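There are 2 protein chains.
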Amino acid sequence: MTPTIKTVAEHAGVSIATVSRYINGFGSVRPANVERVRKAIEELNFRPNVIGRSLRTAQTRSFGVMIPSLANPVFAEAMAGIQEGAKEAGYTTVITNTDYSIEEEPVAVHAMLSNQVDGLILTVTQADDNLLLDQLDSEQVPYVLLYNQTDKPGRCAVSVDNVAAAREVAERFLLLGHERVCMVTGRIAASDRAEARRRGFLDGLRSGGIDHASVVEVDFVNMDVTEVLHSLFASPAPPTALFCSNDALAIAVIAALRTLGIRVPRDVSIIGFDGISIGELIEPCLTTVEQPSREMGRTAVQHLLDILSGEATRNMVFLPHRLRTGATTGPVSDTAPVVLQNPKHHSQKENKT
Amino acid sequence: MTPTIKTVAEHAGVSIATVSRYINGFGSVRPANVERVRKAIEELNFRPNVIGRSLRTAQTRSFGVMIPSLANPVFAEAMAGIQEGAKEAGYTTVITNTDYSIEEEPVAVHAMLSNQVDGLILTVTQADDNLLLDQLDSEQVPYVLLYNQTDKPGRCAVSVDNVAAAREVAERFLLLGHERVCMVTGRIAASDRAEARRRGFLDGLRSGGIDHASVVEVDFVNMDVTEVLHSLFASPAPPTALFCSNDALAIAVIAALRTLGIRVPRDVSIIGFDGISIGELIEPCLTTVEQPSREMGRTAVQHLLDILSGEATRNMVFLPHRLRTGATTGPVSDTAPVVLQNPKHHSQKENKT
DNA sequence: CTGAAAGCGCTAACAT
DNA sequence: ATGTTAGCGCTTTCAG
């Protein structure tokens, strides 16, 4: 395909060291030789073999990124920021997704480490109590967590303040007069941020005098929310407001409610979390806690870079969130209670996200 | 971080060759030594350095993937299929996105080639007449195009039949009685599939006796569709049906029409292209040409693998599409012409997709 | 079945 | 300013 540096050197009538110097801009090369090398490279269509360089320099100038899934736009957006930041710094990224499977996490990380990535950006299910992270710590592998929320000191993570944000969600519901509220979330055990959001939400409600809010866990991967919602709204005092732990889930919930004959926001208010851009385009447009995902991705890269260069400030970094008011929220209504329709047998197909 | 094979060998009291044989399962190792090596690897937490191996074997077992953007769910879905297929075959993937910028294409490809990827999966803007692809051909770099449509023989691509699919879209509109139809598309010059879809669409209309359909190009990246739609619908005989060249655009168009006071499908029918899963969840749910994106990704990997192993069948591969009927299409209505509202100054923010 | 040794493409220390 | 050379971690002949 492309020749080696040796061929280029012969072609230019210089030594491989000179060619190397030319390529890397290190040391100096006589103008006449610069020209000869340049020409040789062009004529031979030479591309330096990064593998050879990496072996020698013991660094690949690449990052490993592990996220649950690219199908959730919030991670795709963060990736955009990561790629952007990495490119600016001259780094390549290797992406692996776990499909929300915790067993994949160590496999993926080890694969990336085998590929000698210089650092890792990870979104794990659980950052507090995590053997894999402990191992990385003990091996001194540079990594930054993204979206994870952890109190463990020395563990560097980029995130919004999920607890505070969720508390604001509760406050908003209370302000609108909602008292029968509920949180719909993916498996709490599989997500420290879901846990933080629950904590903040319940805490916020408690401050407003509501102690009995229920939390419903759903299988987020397959998003079979219809059944759960059906039983939730079959109760004599169904919720008038739902906090969904992320936007993808919120959108699925709204769709499922529709098949049940429950209208948003007339019958029930919805607030999501993430601020994915599609949320602004749908009808009614989604009220949600906006995270600066792209910026978070960039920040994660920046921190990793800082760690690599020794300016290590290993701790949590919180970026600001914003409660974005859409049209899925409204004041609690006094109208007759919801009349539930039978869910159309919509053959809820596997709908990974 | 992790030791080298030499350390493992010393630790196990064998030579590095034996360790290598053990790791690769090639050649045979005495059971006693197997055990000693296994133990040494475990104790030292050894991970073979893939860089060293790659340099020696002159293959990385990795693919380079270049797509326009991960923010468009259709590519994220294809990536899922690619990752899946690659993983099964023991390959890693390196992803680069061009953000729809044609200048980035050669840069990205050369970067991946410098990283010695064993093959490429590419979505380019233009597959027919493309210097970069010509270069890859002449350098004999193994690659497979994805989503691109080309007639150039020997150029391997995985796609649906965009022309046929778009023709079906036209037929559907005609069947519903629409005569004033229009296509809204990203820059045609920047997408061979958009071009193919236009060709099929216009051809289908022509077969139904419609010769005057207009095609409107929009800046897809920034999705500033409101203005274009406003002038389109300000005409005395505005279209009653719109074919959008992809679902992300269709969703943006529906949102923009909403701000203009134009309702879908009452005032205008919409058909998209791609079949992204979010399209099924929105209200009204999107009528679209469904592509089997995940499957296309897998197929692309399979073909690349075939090419690498010499079973080269270098040609276009068409996967079946399906016109999925949603709720954005309906018969043409006889009601009064659309009354246009002024577009709310929605501060159309940059909304990359 | 095992070990010694060469060498993949490159960089960097050293010598000139 | 330039060339020579060692060696990064690994696989793979080739002898034994």
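Those protein sequences? They're chains B and D, same order as listed. Going by numbering that gives the first Met the number 0, the residue at position 67 of the first sequence is 66; the numbering climbs one at a time, nothing skipped. Going by numbering that gives the first Met the number 0, the residue at position 329 of the second sequence is 328; the numbering climbs one at a time, nothing skipped. All residues carry an ideal CB built from backbone N, CA and C; glycine is no exception. In this text, all values refer to a predicted model and were calculated from it rather than measured experimentally.
query                                                                                                                       : result
DSSP-derived helix/strand/coil call for A156 (chain D)                                                                      : strand
Supposed contact pair T92 (chain B) and V64 (chain B) - C-beta distance, whole angstroms, cut 8 Å                           : 5 Å
C-beta atoms of D117 (chain D) and S68 (chain D) nearer than 7 Å                                                            : no
Unbroken alpha helix (DSSP H) run spanning G208 (chain B), endpoints                                                        : Unbroken run through G208 (chain B): none, as it is neither H nor E.
For V93 (chain B), the three-state DSSP class (helix, strand or coil)                                                       : strand
7 Å Cβ cutoff met for V37 (chain D) and V28 (chain D)                                                                       : Reading off the sequence, residue 37 (chain D) comes out as Arg, not Val. Contact flag unset, no.
Residues, ordered as in the chain, of the region 102-135 of chain B that lie near chain D by beta-carbon distance below 9 Å : H109, A110, M111, L112, S113, N114, Q115, Q134
I40 (chain B) vs G296 (chain B) beta-carbon contact at 7 Å                                                                  : no
Any chain B beta carbon closer than 7 Å to L280 (chain D)                                                                   : yes
CB contact check: V180 (chain D) to chain B, cutoff 7 Å                                                                     : no
Sheet register partners of I270 (chain B) (DSSP bridge)                                                                     : B:F242, B:T286
Distance cut-off 6 Å: I281 (chain D) Cβ against heavy atoms of the ligand MN                                                : This structure lacks the ligand MN; in fact it carries no ligand of any kind.
Counted within 10 angstroms of its Cβ, other Cβ atoms place D128 (chain B) as buried (16 or more) or exposed                : exposed
Pairwise C-alpha distance: P141 (chain D) and L135 (chain D)                                                                : 8 Å
Where the beta strand (DSSP E) containing I120 (chain D) begins and where it ends                                           : 118-121
Short CB-CB distance (under 7 Å) between G51 (chain B) and chain D                                                          : yes
Beta carbon of A11 (chain D) nearer than 7 Å to that of R35 (chain D)                                                       : yes
Beta carbon proximity, E310 (chain D) to chain B, threshold 7 Å                                                             : no
Neighbour-count burial assignment, G309 (chain B), 16 or more Cβ in a 10 Å radius                                           : exposed
Under 9 Å by beta carbon: chain D residues contacting V140 (chain B)                                                        : M0
Distance between V300 (chain B) and E87 (chain B) (C-alpha atoms, nearest Å)                                                : 10 Å
R198 (chain D) vs V162 (chain D) beta-carbon contact at 7 Å                                                                 : yes
Cross-chain neighbours of R257 (chain B) in chain D, by beta carbon under 7 Å                                               : E282
Listed by chain order, chain B residues near M295 (chain D) by CB distance under 7 Å                                        : Within 7 Å Cβ-Cβ: nothing; M295 (chain D) doesn't reach chain B, min ~15 Å.
CB contact check: R20 (chain D) to chain B, cutoff 7 Å                                                                      : no
I40 (chain B), DSSP secondary structure in three states                                                                     : helix
Residues that L375 (chain D) contacts on chain B, provided the C-beta gap is smaller than 7 Å                               : Here chain D has residues from 0 to 352 only, and residue 375 (chain D) is not among them.
Residue-chain proximity (I94 (chain B), chain D), Cβ-Cβ < 7 Å                                                               : yes
Cα-Cα separation between P291 (chain B) and H211 (chain D), rounded to whole angstroms                                      : 45 Å
S268 (chain B) and T184 (chain B) closer than 7 Å at C-beta                                                                 : no
Test: A240 (chain D) CB closer than 7 Å to a CB of chain B                                                                  : no
Within-7 Å CB hit, L54 (chain B) to chain D                                                                                 : yes
Neighbour list for Q82 (chain B) in chain D, Cβ cutoff strictly below 7 Å                                                   : N96
Beta-carbon proximity of E138 (chain B) to M0 (chain D), cut-off 7 Å                                                        : yes
The region 180-195 of chain D in contact with the region 211-220 of chain D per 3-pair CB rule at 8 Å                       : yes
Cα-Cα separation between L119 (chain B) and L307 (chain B), rounded to whole angstroms                                      : 11 Å
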